[in-house]
Amino acid sequence: MPEDVVFVTEKMLLRAGFVLAWEEGLKVIPDGEITVEDGIVSYLGPRTGRSQEGFERVIEKENSLVMPGLVNAHTHAAMTLFRGYADDMPLQEWLNDKIWPLEAKLDKKDIYWGTLLAICEMIRGGTTCFADMYFHMEEVAEACSKSGIRASLAWGLIGLDMIKGMAGLKESKSLTRNWHNADRGRITVMLGPHAPYTCPPKYLRKVIDLAAELDVPMHIHLAETAVEVQECRAEHGKTPVELMNDLGLFDYKVLAAHCVHLSPTEIEILATKGAAVAHNPGSNLKLGSGIAPLWELLQKGALVSLGTDGAASNNNLDMIEELRLSALLPKGINCDPTALPAEDALKMATINGFQSLFLEKGLGSLQAGTAADLVMINLKKPHYFPLHNPLSHIVYSAAAADVEMVMVGGRVLFENGELKTIDEEKVFFEVRQRSVRLLD
Ligand code: NI
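The opening residue of the sequence shown carries number 4 in our numbering; numbering runs sequentially from there.
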């Protein structure tokens, strides 16, 4: 295992105009205060009269709001390299003709720099944690480790060719050995069976067995397009969700991305089996895949989080945009403005995200005793005035550019417009060079 990157964290005192946190429901604390010691929230509540003495860093901003960090529960970080390369195409054609041929040209260092670019964008937009599925994941882990972001990483497994599929399992094993729970648990590992249409049942059983053996969750694309469902029915006589259920996938910890095309029975299966669903409204809209039955999933009690998917199909990694889309789409589809209230949307983007990645309980709640993964939003902008309701503003009015400070595990990763752990200019340079070579 690489030597743990144990960041020095300071004893901090934060005071802000508002603090949002989770405790049973959403807690909105005006004039709030947070103290952080050893990377852990030691106090969260109304402002106290405590002295600033003894704190290594004090941040006091009456025009700001502190809230839990956003979780991007499904992405392929290094696909930032293909941002804008192929747009306005259906998923299968886009993958077969554009993305997969280009991916075949990627080397390890491309993945490293593409991932770092994604991390720059995510941190700047208030994302403190993400679930990634791609390949050369040791490079991804290295980028996460250096940047200080929290991440759960899966080597994307494709089992159409059993020899390649088995090699992927070997890579996953080694990734788990080297990185699972690394950096004080900041980096974790999942197995990443890509999708039912790229992982035949025989191979999926091997993946499930390995997940059980290694005791790690699985991250899979599921029921993303109508074509996927049609083809699965034609080949197996059942839908992707039914097939996965029969294979026993949901008897283990599973993060299922997309879940766009679901019958009421399948919604029931996902909810009762406790599968975590990562909803990716931006990517689903852009690829014309459809709109997931989010409201129905939530009403059945399914655990739903939000993701951007890769930057080649979104085309950004802006979780505030996904947050807003997730709150608006159910209202429009159901012709019901009460469908998916703001609080439910924020929950999906924050605490549900941590739960969907099967991380330690309480993470993302910002309660005392949990890791200090938080973001500070600058409210002194026209679109926050008047400040009737800070929760409403975050969901319906905020922009990624309003994020002014980001902290993961008590370490400040972004402040005053500057990334503290990443040389952004170097990232831009590397990505520019590499994108030219890839498209050559
Ligand atoms: Ni995806």
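Positions of the beta carbon are idealized from the N, C-alpha and C atoms, including for glycine.
Asked, Found
"Length of the line joining the Cα atoms of residue 331 and residue 179", "38 Å"
"Same chain, Cβ closer than 8 Å to residue 271, five either side skipped, listed in chain order", "303"
"Coarse secondary structure for residue 243, derived from DSSP in three states", "helix"
"Closest by C-alpha distance to residue 256, when choosing among 277, 263, 243, 246", "277"
"Check: residue 159 C-beta below 7 Å from any heavy atom of the ligand NI", "no"
"6 Å CB neighbourhood of residue 202 in its chain, flanking five on each side removed", "162, 196"
"Residue 179 (DSSP reduced to helix, strand or coil)", "helix"
"Residue 183 CB to nearest heavy atom of the ligand NI below 7 Å", "no"
"Rounded distance between the beta-carbons of residue 19 and residue 35, thought under 8 Å", "6 Å"
"Residue of 143, 117, 264 minimising C-alpha distance to residue 438", "117"
"Contact test: residue 510 Cβ vs the ligand NI heavy atom, cutoff 7 Å", "Nothing about residue 510 can be reported from this structure: the residues present for the chain run from 4 to 443 only."
"Residue 425 and residue 407 closer than 8 Å at C-beta", "no"
"Segment contact flag, the region 397-412 with the region 371-386, C-beta cutoff 8 Å, min 3 pairs", "yes"
"Exposed unless 16 or more other CB atoms sit within 10 angstroms - verdict on residue 286", "buried"
"Assigned exposure category for residue 153 - 16 Cβ within 10 Å defines buried", "buried"
"Bridge partners - residue 158, DSSP secondary structure assignment", "137, 194"
"Beta-carbon gap between residue 363 and residue 188 smaller than 8 Å", "yes"
"Sub-8 Å separation of residue 321 and residue 128 beta-carbons", "yes"
"Beta-bridge partners of residue 25, as assigned by DSSP", "29"
"Nearest to residue 279 (by Cα), restricted to the options 351, 79, 347", "351"
"Classification of residue 165 by the beta-carbon crowding that lies within 10 angstroms, buried from 16 upward", "exposed"
"Sub-8 Å separation of residue 78 and residue 372 beta-carbons", "no"
"Distance cut-off 7 Å: residue 87 Cβ against heavy atoms of the ligand NI", "no"
"Reference residue 172, options 145, 139, 432, 148, closest by Cα", "139"
"7 Å Cβ shell around residue 433 - same chain, five flanking residues per side excluded", "116"
"Contact check, residue 430 vs residue 417, beta carbons under 8 Å", "no"
"Contacting residues, own chain, Cβ-Cβ under 6 Å from residue 13 (five flanking each side not counted)", "59, 60"
"Residue 388 burial status per 10 Å Cβ neighbour count (16 or more: buried)", "exposed"
"First and last residue of the uninterrupted beta strand (DSSP E) at residue 63", "60-71"
"Assigned secondary structure, residue 392 (DSSP; H/G/I helix, E/B strand, else coil)", "coil"
"Terminal residues of the beta strand (DSSP E) in which residue 439 lies", "Per DSSP, residue 439 belongs to no beta strand (DSSP E); it is in the alpha helix (DSSP H), 427-442."
"Proximity test, residue 135 beta-carbon vs the ligand NI heavy atom, cut-off 7 Å", "no"
"Own chain, CB closer than 6 Å to residue 99, minus 5 neighbours either side, in chain order", "none"
"Three-pair Cβ contact test at 8 Å for the region 288-300 versus the region 47-59", "no"
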